[in-house]
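Input: a single structure, listed below in structure tokens.
Numbering (the numbering used here), first residue to last: 492 to 647.
This is how it looks when you write it as structure tokens:
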């Protein structure tokens with residue numbers, strides 16, 4: 492059931508605050524002269540891949556303002572949770588913080604798994620997709636190769 496958002500500007504403000512929060516989190520340990528001069532630091536933001544609050548088409552963004560406005564509050568919470576999982580994953584990787592319980596959220600999404608999927612979930616889904624994409628069973632060989640590469644990245 493779609494949520495009745497009362498004010499589009501309020502949603503835009505909330506999404507912009509998420510962007511500022513990501514910048515704070517990810518640039519906490521670095522001194523950036525651009526930031527000191529009052530400009531935003533030059534980092535590849537997860538926010539840019541998730542949200543597009545302008546009406547202009549942005550193929551990099553998963554969720555447009557229109558998508559968000561049509562979501563239920565529960566769906567929106569799931570999007571925010573996925574966003575923060577991606578932000579902290581990126582932060583850990585950039586800062587050399589090794590956490591073996593975290594898997595690349597982009598690969599998990601490609602496999603159709605949630606960001607919190609465990610090794611057993613990954614193995615089970617891998618077997619399902621391997622049966623689907625294996626060339627001997629009429630599957631797409633390029634998808635199978637991509638699956639193998641992604642699986643290798645997850646389990647190594």
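We put the beta carbon where it would ideally sit given N, CA and C, even for glycine.
Distances from the CA of residue 576 to each of 545, 615, 595 and 633 were compared; the closest alpha carbon is that of 595. Taking all protein chains shown into account, residue 499 has fewer than 16 neighbouring C-beta atoms within 10 Å of its C-beta and is therefore exposed. In the three-state reduction of the DSSP assignment, residue 577 falls in the helix class, which pools H, G and I. In the three-state DSSP reduction, residue 586 falls in the coil class, being neither helix nor strand. By the CB criterion at 8 Å, residue 613 and residue 645 fall inside the cutoff.
By the C-beta density criterion, residue 538 is buried, having at least 16 other C-beta atoms within 10 angstroms.
By a beta-carbon distance limit of 8 Å, residue 573 contacts residue 606. Their separation comes to about 6 Å. Annotated as distal: residue 618 and residue 604, with beta-carbon spacing of 8 Å or more. Annotated three-state conformation of residue 633 is helix, per DSSP. Selection 631, 564 and 642 evaluated against residue 602 yields 642 as nearest (Cα-Cα).
In the three-state reduction of the DSSP assignment, residue 543 falls in the strand class. One Cα belongs to residue 593, the other to residue 518, and the distance between them is close to 21 Å.
According to DSSP, residue 554 shares a beta bridge with 542.
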